[in-house]
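What follows is a set of notes on a single structure, which appears directly below.
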Amino acid sequence: MIEIKNISKTFKNNKVLDGIDLTINQGDVVAIIGPSGTGKSTFLRCVDRLEKPETGTITIDGETQDLAHIHGKDLTELRKKTGMVFQNFNLFSKKTALQNVMEGLIVVKKMKKEEAERIAREQLKNVGLLDHANHYPRHMSGGQQQRVAIARALAMEPKLLLLDEPTSALDPELVGEVLDTIKKAANEGYTMLLVSHEMSFVRNVATRVIFLDGGKILEDGTPREVFGNPKNERVKEFFTKINRMEEPDYSI
Amino acid sequence: MIEIKNISKTFKNNKVLDGIDLTINQGDVVAIIGPSGTGKSTFLRCVDRLEKPETGTITIDGETQDLAHIHGKDLTELRKKTGMVFQNFNLFSKKTALQNVMEGLIVVKKMKKEEAERIAREQLKNVGLLDHANHYPRHMSGGQQQRVAIARALAMEPKLLLLDEPTSALDPELVGEVLDTIKKAANEGYTMLLVSHEMSFVRNVATRVIFLDGGKILEDGTPREVFGNPKNERVKEFFTKINRMEEPDYSI
Amino acid sequence: MGKLFDGKLVFTQIPLLLKYLPVTMELAVTAMIASLILGLLLALVKIKKVPVLKQLVSIYISVIRGTPILVQLYVTYFGIPMLLKYINFKCGTNYNVNGVAPIVYAFVALALNESAFNAEIIRASLESVDKGQVEAASALGMNYFQALIRIILPEAIVVALPSLGNAFIGLIKGTSLAFVCSVVEMTAEGKILAGRNYRYFEVYISLAIIYWVITFVLERVISYLEKKLRVPEDAPALLDIRDTEVE
Amino acid sequence: MGKLFDGKLVFTQIPLLLKYLPVTMELAVTAMIASLILGLLLALVKIKKVPVLKQLVSIYISVIRGTPILVQLYVTYFGIPMLLKYINFKCGTNYNVNGVAPIVYAFVALALNESAFNAEIIRASLESVDKGQVEAASALGMNYFQALIRIILPEAIVVALPSLGNAFIGLIKGTSLAFVCSVVEMTAEGKILAGRNYRYFEVYISLAIIYWVITFVLERVISYLEKKLRVPEDAPALLDIRDTEVE
Amino acid sequence: TGCGSSSGSASKDSSSDSGKTVIKAATGANAKPYVYVGDDGKPAGYDVDVLNAVFDKLPDYELEYEVTDFGSVLSGLNSGNYQIGVNNFSYNEDRGASYLYSYPYDKISYVFVTKKGGKEIKSFEDAAGLSFEGGTGISVSNAVEAWNEKNPDKAINITYSDADTSVFLQHVADGSQDFTIIDLAMYNSYMEEFNYDVQKNDIPEDEAKMIAENSYAYYIFPQDQKDLREQVDKALKELKEDGTLTEISKKWYGQDAAPEDDKFEETIN
Ligand SMILES: Nc1ncnc2c1ncn2[C@@H]1O[C@H](COP(=O)(O)OP(=O)(O)OP(=O)(O)O)[C@@H](O)[C@H]1O
Ligand SMILES: Nc1ncnc2c1ncn2[C@@H]1O[C@H](COP(=O)(O)OP(=O)(O)OP(=O)(O)O)[C@@H](O)[C@H]1O
Ligand SMILES: [Mg+2]
Ligand SMILES: [Mg+2]
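Protein chains in written order, with the numbering used here: chain B, 1 to 252; chain Z, 253 to 504; chain L, 505 to 751; chain F, 752 to 998; chain Y, 999 to 1267.
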């Protein structure tokens, strides 16, 4: 069980997160949805301490860390337990797919090169890119890059995998392959916290959906509950907006 | 009527366009769809001569120009007759919304400043951004920027408006406002040639859909014909791929 | 007397040296302006890949950057008259360059030298401009020259400004080499003063103080200009559309 | 004799001057290396915004960039011994720096000077590295030092290389100023040769040729390195997975 | 003086393996035939020969030359990097305030140089209104300044330059400058090398005073080397008495350039 408590984050005068609490069960896939600019990315980044919140704690494996003050070894340990997949993949551009996956194993987990390479190959195979092991990021499509990024994160065996709009930078045709990869990881039992605009994917893969707006969690429930019967007005309005395309005015 | 004939374009050894012919009727809204990297953007760019094709002519208002050799005054004249809206908006970052729209009128159409400003304000009003006249691009959301870009193109009163994935760089919530703006222009009778991945929008706004792949036009017809009953195998496969999300496997 | 280091002299000399600040600045400013214009032309030749000219420009830049500026001053100042003399001697002509003031040679040599360096700065800054904006300008029907003036340069200037600022600071100090062409600016005057009392160390310290103040002021001016040229951080208020009705 | 310009001499002198090329290169290379290390440290202080130190570094860079390098050489070479002498005189101590070879002073002054300029180049190149990659490294659990070595530097080097190359070319020519510290390198030897036969113009031309050749070669080397350090343009062949089975 | 430790002799400064005190003589080596670097890479010239002869008489010292930038010769003395400056230095009051001067070892005669066939200049009076080009740190330029100060109505137009003497001569030859002043020995050397279209006229004895208050050349020392200067002076006096100075100057100039006997009576500052 992973417990996140009281995360608050303010940019200048803009209170983006206002004391968010979230408890995630082992194996849960929690999707965060909400309007643009509402702090979804910021929340993920605070959990991984890429952003420093004013207050907030995280408990993984019974160990509690203060996110506002964590540093040094504790921070490294926290980050070893979490993995992050970014919207723009953020692969190391000067390293091949294989080296990208090996990097964390060698530098952070201090593995021997052979051992790291074995694991990296396995992970690349899992995401279906073993034949691209020697390709540099620039030689791969966006979808392939994102799959390597997922392999890189999974190789570290994180207790919690964070994914921030992992498909929104992709061409529509490439979205599928990445979603398949994420679904596979979910089925393998990884605990995940993901932000996504792909509502049909969220509906399909998430065990729990959270709607974030105004620094607060406005809805929290199964996809069926949240999508099917939102209680909050703002949530309803949001669904109306993104569903416009399917409305009568936009169909022939 | 606008006649485009025999456009061929090769990058190194990669024949992207292989003698494309296309005749567009006044007031038509022609949507080009097709897989990523198939040459849709290249086609638009050849028509506007941002890319130089090996062969190709274009006839607007009865005047025929050789796209492979056009230059100087002829080129300027051609470009005055066409307008372009880019995926990344490409607003002039050092100019306000108003100045962006005025720029072409003053520099290319040699209008007086007052006259240009009058037209620019009108166009900004049409896209609903008159109150943002003094905003710089960096102060506007993507959707707002794209609407200014459309205003900028329309201010030049083009015979043919080219739009290259005008919404694909936008957050899902912002897509709607831009599509509305384009739809409005279509209703006003502008002739348009647009590339889009938003199938529901294409279905709704286009009078004609063209499927491009392998340098050739594989399908050409009304949206109903192309979406409803594609003849070509590759086109069918394409629709299957982008419709995966709606398939049983991806719904609960 | 007999001090090893005459601290007072460091300061009493400063006003004497400052009398020659105008010469320094005049030479630096005019050479900078000329080098910017020439540098822009060189950069355009490289960007537009003008056949033949492109190769010539590459060689020019390589030679200028590869040889000491002192030599370039020597070549302009002594080489040209020497060459003319040789031509006169061989061909019986009678060209004469005695009427040309030394500062003109110094100006020419410094401007040529600086232009080679500025050409690269300008080229890099022009190329850094978002291609999309240039395409947007073309799509509107602007020709390259119009796009250059209206769209590209206003963007490029912001990028180039810090490097050009540094180049200018370097040039101000570099003008001291013009003394080989008998142009007396600040450093030269410093050497003349030291030649009288042999207090070279003190005069160099005085010069350092002056140059440092100039540099300091210039750095402020440049960073002020940078801020000015940038698009303001904060959005303006929305216009009240009722007031600005479109007639 | 009696020629105004002795063309043959330009070439016959070159071998004599080349004997001092090793001094030039030794000084330039060691000063460059030291300045890169120091420059990296200065850049890190600025990037990491280390309190107090950050201000000190800014002042240091401003002073070094704002004053002529000649003065910096003077201050290190004459100022330090002078200060010691003064201290000895006042306090009866007996510090002594006569054992230090002049080339050491020249090295120190050139390295310090170059470090200020390189610090800015290095800072800009470090900051140009895609923040996303740095975040990805942090997210994996690397600390800043690990990310710097493994991820940031390999990216930054490609960006910094052309500017650092130019700085190095400038430094090679700049070593000639070390003559004020009695270091005889190529240009100094040129002046000494000219002191013998008064043929300053010829010797400067010889020097220009040598410097230009060095610059030319270096430019090639740098652009070769740039190409090498870049990720290859073309994708490699796909691996045959049957051969590389995961055990 | 002060703590006392550093006054007087150079003996503490540094010493060689042989136990001798090392004296560093600095020179710009840019003034043939006075001092330049010979084909063997060692300093040569009249000034060098004389100084070598001086130190032959001073067994406690070991003399080393260091070739450096002209400005550095002067700054390096004050800073303690060098103990003797060798550059055919002439004397004026300002400089005398900064450095100790030895007994003179060379009598310099200067010449006006004008374009061959042009107007001859035989005195500063003749040069009134004409243009003169010269370098910094050399006394002829200071002399012209002094003339202008005393005779503002007959001023000479001075152009200072960082270029070398050959350039000044060339400018006189091609008419871009009216005249320059250099010392006879260098004039002869330059003419031998370049054979410019120029002519010379001796400067009258009384006017030569303006050039350097006196027309002699000296070695210079930093203020704290009184002891060293004393010993060098003693040796120079001996060299004058035994005719060595005359001998060396004949070798370099073809004439006797040793200063008069009474110049070896008391130091100039
Ligand atoms: N480094 C920063 N400095 C200042 N403000 C920031 C910073 N990062 C984010 N913000 C602001 O915080 C708010 C939340 O941003 P965040 O990126 O977390 O939103 P989001 O929900 O992920 O939006 P999107 O769906 O567009 O990705 C926004 O208003 C944004 O402008
Ligand atoms: N400047 C260029 N140089 C070389 N190849 C290019 C260039 N521009 C495009 N291409 C290639 O031409 C092909 C067509 O590109 P284009 O951008 O027109 O495709 P597209 O259909 O617009 O794709 P997308 O839907 O991803 O925008 C691609 O294979 C691309 O790699
Ligand atoms: Mg986000
Ligand atoms: Mg495209």
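Don't be surprised by glycine CBs; every beta carbon is placed ideally from N, CA and C.
Beta-carbon spacing of residue i, residue j below 8 Å
i                      : j                      : result
residue 903 (chain F)  : residue 877 (chain F)  : yes
residue 31 (chain B)   : residue 196 (chain B)  : yes
residue 53 (chain B)   : residue 7 (chain B)    : yes
residue 651 (chain L)  : residue 663 (chain L)  : no
residue 672 (chain L)  : residue 536 (chain L)  : yes
residue 954 (chain F)  : residue 944 (chain F)  : yes
residue 1129 (chain Y) : residue 1162 (chain Y) : no
residue 1226 (chain Y) : residue 1081 (chain Y) : yes
residue 771 (chain F)  : residue 931 (chain F)  : no
Neighbouring residues, chain L, relative to residue i (Cβ below 9 Å)
i                      : result
residue 1157 (chain Y) : 606, 686 and 688
Chain F contact residues for residue i, given Cβ-Cβ distances below 7 Å
i                     : result
residue 80 (chain B)  : 892
residue 578 (chain L) : 952 and 955
Closer than 8 Å to chain L by CB, residue i
i                      : result
residue 468 (chain Z)  : no
residue 354 (chain Z)  : no
residue 1059 (chain Y) : no
residue 456 (chain Z)  : no
residue 999 (chain Y)  : Low confidence applies to residue 999 (chain Y): its pLDDT is 33, below 50, so where it sits in the model is not reliable, and the reading given next is rough at best. Not one chain L Cβ lies under 8 Å of residue 999 (chain Y).
residue 259 (chain Z)  : no
In DSSP terms, what residue i is bridged to
i                      : result
residue 801 (chain F)  : The partner list for residue 801 (chain F) (beta bridge, DSSP) is empty, contrary to what the question assumes.
residue 307 (chain Z)  : Z:260
residue 976 (chain F)  : None, per the DSSP bridge assignment.
residue 460 (chain Z)  : Z:282
residue 194 (chain B)  : B:31 and B:163
residue 938 (chain F)  : BP columns for residue 938 (chain F) are empty, so no partner.
residue 921 (chain F)  : Looking at the DSSP assignment, residue 921 (chain F) forms no beta bridge with any residue, so it has no partner.
residue 1033 (chain Y) : Y:1029
residue 1041 (chain Y) : Y:1035
Per-residue contacts from residue i into chain F (C-beta, under 9 Å)
i                    : result
residue 55 (chain B) : Here the premise fails: no neighbours, minimum Cβ distance about 21 Å.
Contacts of residue i in chain Y (Cβ-Cβ under 7 Å)
i                     : result
residue 720 (chain L) : Chain Y residues near residue 720 (chain L): none, gap ~26 Å exceeds 7 Å.
Residue i at chain Y interface by Cβ criterion, 8 Å
i                     : result
residue 838 (chain F) : no
residue 550 (chain L) : no
Contact with chain Z by residue i, beta-carbon distance below 8 Å
i                     : result
residue 41 (chain B)  : no
residue 176 (chain B) : yes
8 Å Cβ cutoff, residue i in contact with chain F
i                     : result
residue 702 (chain L) : no
residue 575 (chain L) : yes
Beta-carbon neighbours of residue i, restricted to chain Z and to distances below 7 Å
i                     : result
residue 735 (chain L) : 345, 346, 388 and 390
residue 630 (chain L) : By Cβ distance, chain Z contributes nothing, its closest Cβ being about 15 Å from residue 630 (chain L), past 7 Å.
Test: residue i CB closer than 8 Å to a CB of chain C
i                     : result
residue 819 (chain F) : Of the protein chains in this structure, namely B, Z, L, F and Y, none is chain C.
Closer than 8 Å to chain B by CB, residue i
i                     : result
residue 999 (chain F) : No answer is possible for residue 999 (chain F): it lies beyond the span of chain F, which begins at 752 and ends at 998.
residue 906 (chain F) : yes
residue 384 (chain Z) : no
8 Å Cβ cut-off: residues of chain Y touching residue i
i                     : result
residue 832 (chain F) : 1077, 1078 and 1079
residue 768 (chain F) : In chain order: nothing, as chain Y lies at least about 13 Å away.
Chain F contact residues for residue i, given Cβ-Cβ distances below 8 Å
i                      : result
residue 515 (chain L)  : Within 8 Å Cβ-Cβ: nothing; residue 515 (chain L) doesn't reach chain F, min ~16 Å.
residue 1023 (chain Y) : Those do not exist, as residue 1023 (chain Y) stays about 12 Å from chain F at its closest Cβ, beyond 8 Å.
Neighbour list for residue i in chain L, Cβ cutoff strictly below 7 Å
i                      : result
residue 1093 (chain Y) : 701 and 702
Residue i: contacting residues in chain B (beta-carbon distance under 7 Å)
i                     : result
residue 425 (chain Z) : 35, 36, 241 and 242
Self-check item: Start-end ranges of the alpha helix (DSSP H) lying completely within the stretch 1128-1213 of chain Y, minimum 4 residues
Solution: If we require 4 residues or more, the alpha helix (DSSP H) runs fully inside the stretch 1128-1213 of chain Y come out as 1137-1148, 1163-1171, 1182-1192 and 1203-1210.
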